[in-house]
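In our numbering, the protein residues as written are 1195 to 1598.
Here a beta-carbon is modelled for each residue, glycine too, at the ideal position from N, C-alpha and C.
Below: the structure, in structure tokens.
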Ligand SMILES: Nc1nc2c(ncn2[C@@H]2O[C@H](COP(=O)(O)OP(=O)(O)OP(=O)(O)O)[C@@H](O)[C@H]2O)c(=O)[nH]1
């Protein structure tokens, strides 16, 4: 009997002791890479923000970026993966190199452009009606009037001079002329390395993503974060699309999957400029390489858009020079997309274009049209809904896919 009591006592001590160890082990774990003053380091900054663990933490009062910025709002929160099971589940995104090749067949419907042109150009005697059909095909693919004229002139001249109907030779001519239009000499690199500011200090590369809602902007921010993680960059996301509450949740999910922190506001409709400011500030304090800022960019009117984006840019520039403004356009929207591009270009200095939904559209010619219109390169293309279906744009791979 006495022996039994001893056994129960020993068991009780083991169970209670084990529980206590587990509890403290869990509490002692710190969120990764949090900027000083956020998370459980506490105290240095007043005001409150929450980590997604739900525990109360101290994070910073964020200096009001501009006089007209809403200062009554609580500062944005940094969301962060916070314990071992989540960290273990981090995904390793696919490297950037080779994505365009993998996604090539997604351009199949744009390939209809190439096959129609090849069929017509390989005819022994190309009639005026054939040339008209070629022209119509180019226009329907959204290449634009000017580039279509140029291509027609070049093709007419070269086919006539060569006098060939050999499909291989015709294919080579078409490939060369399309490549000239897509312009392989444009600089398509993304400015994603830290920069030294006027103060001589290193700052993260800051990239603003702009575009109309529905073009795939938030998704593209998530995909681009993955692509940068695959390239071993430290990334932080700013959820400055505060119009659509779900956009910040969407970004948080993208971030969690690859261990990228997200700065967001706890309040729907918060000032986007304040969130952008805090994101860049947090990125700077954490020493990340790149801060990607999602914006809302409603197009109700140009003045409103200019106000919002102009303010975000000014406010962010106080923390770090803006390295890139990427305009996200939906390739399926044709002329409507071109009009959006014009408005955004008037409002903010766009440095690159991301064309989404290029999979399954026959409108691939918009690559040429939009580059011509804005004078800036297409830097990335979205070729599907998968998390790694965003590829750095490669003109040669694109043209090869069209005429293969
Ligand atoms: N097929 C295809 N779908 C895409 C691509 N990029 C985004 N999408 C889809 O487009 C839809 C809209 O994407 P969101 O990121 O929510 O678009 P958004 O409305 O610009 O984001 P907000 O500005 O936050 O409103 C989603 O269903 C995406 O999966 C792409 O390259 N191909």
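For residue 1564, count the other beta carbons within 10 Å of its own beta carbon; 16 or more makes it buried, fewer makes it exposed. Which is it?
For the purposes of this step, residue 1564 is identified with residue 370 of the chain shown, where counting begins at 1. Counting the other Cβ atoms within 10 Å of the Cβ of residue 1564 gives 16 or more, which makes it buried.
Grab me the residues of residue 1500's own chain with a C-beta within less than 7 Å of its C-beta, minus the 5 sequence neighbours each way, in chain order.
Along the chain shown, one-based indexing puts residue 1500 at 306. Counting only Cβ-Cβ distances below 7 Å, and skipping sequence neighbours, we find 1541.
Count the other CB atoms, across all protein chains shown, that sit within 10 Å of the CB of residue 1582; report buried if there are 16 or more and exposed otherwise.
For the purposes of this step, residue 1582 is taken as the residue at position 388 of the chain shown. Buried, because 16 or more other Cβ atoms sit within 10 Å of the Cβ of residue 1582.
Quick one: is the Cβ of residue 1462 within less than 6 Å of any heavy atom of ligand 1?
Numbered from 1 along the chain shown, position 268 holds the residue referred to as residue 1462. Relative to ligand 1, residue 1462 has its C-beta separated by 6 Å or more from all heavy atoms.
Using 7 Å as the threshold, is the C-beta distance between residue 1573 and residue 1528 below it?
Start at 1 with the first residue of the chain shown, and residue 1573 comes out as number 379. Start at 1 with the first residue of the chain shown, and residue 1528 comes out as number 334. No. Outside cutoff.
For residue 1585, the first and last residue of its enclosing beta strand (DSSP E)
Numbered from 1 along the chain shown, position 391 holds the residue referred to as residue 1585. Per DSSP, the continuous beta strand (DSSP E) segment holding residue 1585 begins and ends at 1584–1586.
Quick check: the stretch 1284–1295 against the stretch 1417–1424, are there 3 or more CB pairs under 8 Å?
Yes: at least three Cβ pairs fall under 8 Å.
Using a Cβ-Cβ cut-off of 8 Å (strictly less than) and excluding sequence neighbours within five positions of residue 1408, which residues of its own chain qualify?
On the chain shown, residue 1408 is found 214 positions in, with the first residue counted as 1. Closer than 8 Å at the Cβ level, and outside the excluded window around residue 1408, lie 1524.
Grab me the residues of residue 1327's own chain with a C-beta within less than 7 Å of its C-beta, minus the 5 sequence neighbours each way, in chain order.
Locating residue 1327 in the chain shown gives position 133, where the first residue counts as 1. Non-local beta-carbon contacts of residue 1327 in its own chain, meaning distances under 7 Å to residues more than five positions away in sequence, involve 1314 in chain order.
Through-space distance from residue 1470 to residue 1434, alpha-carbon basis
Here residue 1434 refers to the residue found at position 240 of the chain shown. Here residue 1470 refers to the residue found at position 276 of the chain shown. Distance between the alpha carbons of residue 1434 and residue 1470 is about 6 Å.
Below 6 Å CB to CB, which residues in the same chain sit around residue 1549 once its five sequence neighbours on both sides are set aside?
Position 355 of the chain shown, counted from the first residue, corresponds to residue 1549. Cβ neighbours of residue 1549 beyond the five flanking positions: 1523, 1525, 1572 and 1575.
Within 6 Å: the Cβ of residue 1557 and any heavy atom of ligand 1?
Here residue 1557 is taken as the residue at index 363 of the chain shown, counted from 1. No.
May I ask you to list the residues that DSSP assigns as paired with residue 1337?
Indexing the chain shown from 1 puts residue 1337 at position 143. Paired residues: none, contrary to the question.
From what residue to what residue does the alpha helix (DSSP H) around residue 1498 run?
Mapped onto the chain shown, residue 1498 falls at position 304. Where residue 1498 is concerned, the enclosing alpha helix (DSSP H) stretches over 1496–1511.
Check the DSSP bridge columns for residue 1135 and list the partner residues they point to.
The shown model of the chain, from 1195 to 1598, leaves out residue 1135, and the question about it has no answer.
Hey, could you find the ends of the alpha helix (DSSP H) residue 1557 is sitting in?
Mapped onto the chain shown, residue 1557 falls at position 363. Note, residue 1557: premise wrong, no alpha helix (DSSP H); not H, not E.
Own chain residues within Cβ distance below 7 Å of residue 1365, not counting five before or after
Residue numbering aside, residue 1365 sits at position 171 when the chain shown is read from its first letter. The answer, listed in chain order, is 1312 and 1597.
Validate contact between the stretch 1388–1405 and the stretch 1450–1458 using beta carbons, cut 8 Å, 3 pairs:
No, because fewer than three Cβ pairs between the stretch 1388–1405 and the stretch 1450–1458 fall closer than 8 Å, the two stretches do not touch.
Residue 1587 and residue 1369 look like a contact to me (Cβ under 8 Å); what is the Cβ gap, rounded to whole Å?
Stepping through the chain shown from its first residue, residue 1587 is reached at position 393. Stepping through the chain shown from its first residue, residue 1369 is reached at position 175. Between residue 1369 and residue 1587 the Cβ distance is about 17 Å, and since that is not below 8 Å, they are no contact.
Should residue 1590 be labelled buried (16 or more other beta-carbon atoms within 10 Å of its own) or exposed?
Working through the chain shown from its first residue, we reach residue 1590 at position 396. Answer is exposed; the Cβ neighbour count stays below 16.
Return the Cβ separation of residue 1516 and residue 1373 in integer angstroms, given the expectation that the two are a contact with Cβ distance under 8 Å.
Sequence index remark: in the chain shown, residue 1516 carries index 322 (1-based). Sequence index remark: in the chain shown, residue 1373 carries index 179 (1-based). So it is not a contact: roughly 31 Å between Cβ atoms.
Taking the alpha-carbon positions, what's the residue 1335 to residue 1545 distance?
Taking the first residue of the chain shown as 1, we reach residue 1335 at position 141. Taking the first residue of the chain shown as 1, we reach residue 1545 at position 351. Answer to the nearest angstrom: the Cα atoms are 24 Å apart.
How would you label residue 1283, buried or exposed, when you count the other beta carbons within 10 angstroms and need 16 or more for buried?
As a working note, residue 1283 is residue 89 in the chain shown. Its Cβ having fewer than 16 others within 10 Å, residue 1283 is exposed.
For residue 1320, which of helix, strand or coil comes out of DSSP?
Walking along the chain shown from the start, residue 1320 turns up at place 126. If DSSP states are grouped into helix, strand and coil, residue 1320 belongs with coil.
Taking C-beta to C-beta, are residue 1487 and residue 1554 nearer than 7 Å?
Position 293 of the chain shown, counted from the start, is the residue given in the question as residue 1487. Position 360 of the chain shown, counted from the start, is the residue given in the question as residue 1554. In this structure, residue 1554 does not lie closer than 7 Å to residue 1487 by Cβ.
Just the C-alpha distance for residue 1343 and residue 1438, rounded to the nearest angstrom, thanks.
By 1-based counting over the chain shown, the position of residue 1343 is 149. By 1-based counting over the chain shown, the position of residue 1438 is 244. One C-alpha to the other measures close to 42 Å.
Out of 1514, 1533, 1295 and 1531, which has the shortest C-alpha to C-alpha gap to residue 1394?
Here residue 1394 refers to the residue found at position 200 when the chain shown is read from its first residue. Out of 1514, 1533, 1295 and 1531, 1514 has the C-alpha closest to the C-alpha of residue 1394.
Going by the beta-carbon positions, is the gap between residue 1348 and residue 1330 smaller than 7 Å?
The residue given as residue 1348 occupies position 154 in the chain shown. The residue given as residue 1330 occupies position 136 in the chain shown. In this structure, residue 1330 does not lie closer than 7 Å to residue 1348 by Cβ.
Any heavy atom of ligand 1 inside 6 Å of the beta-carbon of residue 1530?
Along the chain shown, one-based indexing puts residue 1530 at 336. The answer is no for residue 1530.
Tell me which residue opens and which closes the alpha helix (DSSP H) that residue 1576 is part of.
Taking the chain shown and counting its residues from 1, the one referred to as residue 1576 is at position 382. Not the alpha helix (DSSP H): residue 1576 falls in the beta strand (DSSP E), residues 1572–1576.
Unbroken beta strand (DSSP E) run spanning residue 1518, endpoints:
Here residue 1518 corresponds to residue number 324 of the chain shown, with the count starting at 1. Counting along the chain, residue 1518 sits inside the beta strand (DSSP E) bounded by residues 1516–1524.
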